[in-house]
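The UniProt record's numbering puts the first residue of the sequence shown at 1, with every later residue one more than the last. See structure below.
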Amino acid sequence: MEKEKIFDLLENSDRLPKLSKDVSEILEMLKNPVGFDIDELIEKIYKVDNLNELMLKNLNSGYFQTNKKFETIKESIVYFGMQAVQNFIIFFITLQLFSHDSSTNKSNRTFTMSHYWNHVLGTSVASCMLSAKIKYGDKYKLFSYGLIHDIGIAVLDTCLPELIDEVTEKLKNGMHQIVAERLVLGGLTHADIGGWVCRKWNIRDDITNIVEHHHTPFLAKLNPVEMKLLYLADAISTEYYEKLLGVNLNHGISTKIMDSLGITQSDMNSAIEALPGEIQKLRNYLTV
């Protein structure tokens, strides 16, 4: 199928979530990280069903290991930082937009969102591990980038489930995910789909950059170190995801990127070994 056809199917899909006025206004405000009224943002968050409650419940979870309980979103902004909380807002909005209990998720499907959700969590966790190792980066911001990075998969699962099933079948037969996606999607990947929906919804440039280039970090235009950390974290978590599928493809990971960050193979192996336990710990806390 040609890529123009893919975008046309997505654009005209009745399954693609439509943004409400309140959500659109929130995303518009978040395009400028410092140039808006925080109280106005919080007022709009209250208007989106359960968004305020969902965020506070998760930001107060034991996984984030804070010593205080947040009563308001404003308090969490002071603690975690404006950009990290903005990313969490966008993540929880996308969770509400893409229901994993939809009719597309039938038992006879090849792709299983619950398995892939473990990969998403794994990318967030691994990015924090690597950040701590090199003592660089805001772990909360990196964690939130990891949660958002594969929005393209959520779009495909919702709108074109038969195509993501075809990709997964090829993956189970030993084909690299990106190669399989390009074959099925007319040269596109989930990163391209994610970048498309980010621009369609007017999501902030740094997030669009993460979504679009987490497999191609040298093409990224913003936040090069964070981009490289997400690339490595995604690779670590992909290995975990493939084990859930019963395959082991032994992907090559760029040693140039590892060397540029001062990350060794031993560091990567330690993260790979610790990841399943950390994902389970996170699943015990995170409410989605």
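Glycine is no exception: its CB is placed at the ideal position from the N, C-alpha and C atoms.
Subject >> C-beta atoms of Ile-153 and His-190 nearer than 8 Å >> reply: Taking 8 Å as the Cβ cut-off, Ile-153 and His-190 qualify as a contacting pair.
Original post:
For Asn-284, is the classification buried or exposed, using 16 other Cβ atoms within 10 angstroms of its Cβ as the cut-off for buried?
Top reply: Exposed, because fewer than 16 other Cβ atoms sit within 10 Å of the Cβ of Asn-284.
Subject >> Cβ-based neighbour list, Lys-170, same chain, cut-off 6 Å, excluding 5 preceding and 5 following >> reply: Close CB contacts of Lys-170 within its chain, under the 6 Å cut and outside five residues either way in sequence, are with Ala-180 (chain order).
Original post:
Where does Ser-103 sit, in a helix, a strand or coil, going by DSSP?
Top reply: For Ser-103, the predicted model reports a pLDDT of 44, less than 50, meaning its position is unreliable and no value from the coordinates is stated.
Subject >> Residue of Met-258, Ile-279 and His-213 minimising C-alpha distance to Phe-143 >> reply: With distances taken between CA atoms, Phe-143 lies nearest to Ile-279 out of Met-258, Ile-279 and His-213.
Original post:
Is the stretch 258 to 276 touching the stretch 119 to 139 in the sense that three or more CB pairs, one from each, lie closer than 8 Å?
Top reply: They touch, by the three-pair rule.
Original post:
Whose CA, out of Glu-2, Leu-27 and Asp-8, lies closest to the CA of Trp-201?
Top reply: The candidate whose alpha carbon is nearest that of Trp-201 is Leu-27.
Subject >> Cβ neighbour criterion (16 or more within 10 Å) applied to Thr-208 >> reply: So Thr-208 ends up on the buried side.
**OP:** Let me know the secondary structure DSSP gives Gly-122 once reduced to three states.
**Re:** In the three-state DSSP reduction, Gly-122 falls in the helix class (H, G or I).
**OP:** List the whole-angstrom C-beta distance separating Ile-89 from Ile-45, where the pair is believed to meet the contact cut-off of C-beta under 8 Å.
**Re:** With 8 Å as the limit, Ile-89 and Ile-45 qualify as a contact, their Cβ atoms being about 7 Å apart.
**OP:** Measuring alpha carbon to alpha carbon, tell me which of Pro-161, Phe-92 and Val-85 ends up nearest Asn-108.
**Re:** Among Pro-161, Phe-92 and Val-85, the Cα nearest to that of Asn-108 belongs to Pro-161.
**OP:** Starting from the N-terminal side, write out each stretch of the alpha helix (DSSP H) that is 4 residues or longer and does not extend beyond the stretch 171 to 235.
**Re:** Within the stretch 171 to 235, the complete alpha helix (DSSP H) runs of at least 4 residues are 177 to 184, 190 to 200 and 205 to 213.
**OP:** Report, in whole angstroms, the separation of the C-beta atoms of residue 290 and Gly-81, which I expect to be a contact under 8 Å.
**Re:** With the chain covering only 1 through 288, there is no way to say anything about residue 290.
**OP:** Check whether the Cβ atoms of Asp-192 and Phe-111 lie closer than 8 Å to each other.
**Re:** No, they are not a contact pair.
**OP:** Using a threshold of 8 Å, state whether the C-beta atoms of Tyr-240 and His-119 are closer than that.
**Re:** Yes, the pair counts as a contact, with Cβ atoms nearer than the cut-off.
**OP:** To the nearest angstrom, report how far apart Met-227 and Asp-234 are at their CA atoms.
**Re:** Distance from the CA of Met-227 to the CA of Asp-234, rounded to the nearest whole angstrom, comes to 10 Å.
Subject >> Three-state class that DSSP yields for Pro-276 in the structure shown >> reply: Note: Pro-276 maps to helix in three-state DSSP.
Subject >> Cβ neighbours of Leu-163 in the same chain (closer than 7 Å, five flanking residues each side left out) >> reply: Around Leu-163: Leu-156, Val-184 and Leu-185.
**OP:** Quick one: residues in its chain with C-beta nearer than 6 Å to the C-beta of Phe-177, no 5 flanking neighbours on either side, listed in chain order?
**Re:** Here the sequence assigns Gln to residue 177, which means Phe is not the residue at that position. If we look at Gln-177 and ignore the five residues flanking it on each side, its Cβ neighbours are Leu-171.
**OP:** Quick one: grab the DSSP three-state call for residue 363.
**Re:** Given a span of 1 to 288 for the chain in the structure shown, any question on residue 363 remains unanswerable.
Subject >> Rounded Cβ spacing between Met-258 and Leu-232 (contact assumed at less than 8 Å) >> reply: The pair is a contact, with the Cβ atoms about 7 Å apart (cut-off 8 Å).
Original post:
In or out: Lys-68 buried (at least 16 other Cβ within 10 Å) or exposed?
Top reply: By the 10 Å Cβ count, Lys-68 comes out exposed.
Original post:
When burial is assigned at 16 or more other CB atoms within 10 Å of the CB, is His-214 buried or exposed?
Top reply: Residue burial annotation: His-214 is buried, with at least 16 other C-beta atoms found within 10 angstroms of its C-beta.
Original post:
Comparing alpha-carbon positions, which option in Leu-41, Thr-72, Thr-66 and Asp-37 lies nearest Leu-54?
Top reply: Measuring from the Cα of Leu-54, the nearest candidate turns out to be Thr-72.
Original post:
Secondary structure at Gly-152, three-state DSSP: helix, strand or coil?
Top reply: In this structure, Gly-152 counts as helix in the three-state DSSP scheme.
**OP:** Express the C-alpha separation of Ile-42 and Lys-281 in angstroms, rounding to a whole number.
**Re:** Taken atom to atom, the span from the alpha-carbon of Lys-281 to that of Ile-42 is near 30 Å.
Original post:
Can you name, in chain order, every residue of its own chain whose Cβ lies under 6 Å from the Cβ of Asp-63, other than the five neighbours on each side?
Top reply: Rather than Asp, the amino acid found at residue 63 in this sequence is Tyr. Only Leu-282 and Tyr-285 meet the Cβ criterion.
Original post:
Would you say residue 298 and Val-225 are within 8 Å of each other, going by their C-beta atoms?
Top reply: The requested residue 298 is not part of the displayed model; the chain covers only 1 to 288.
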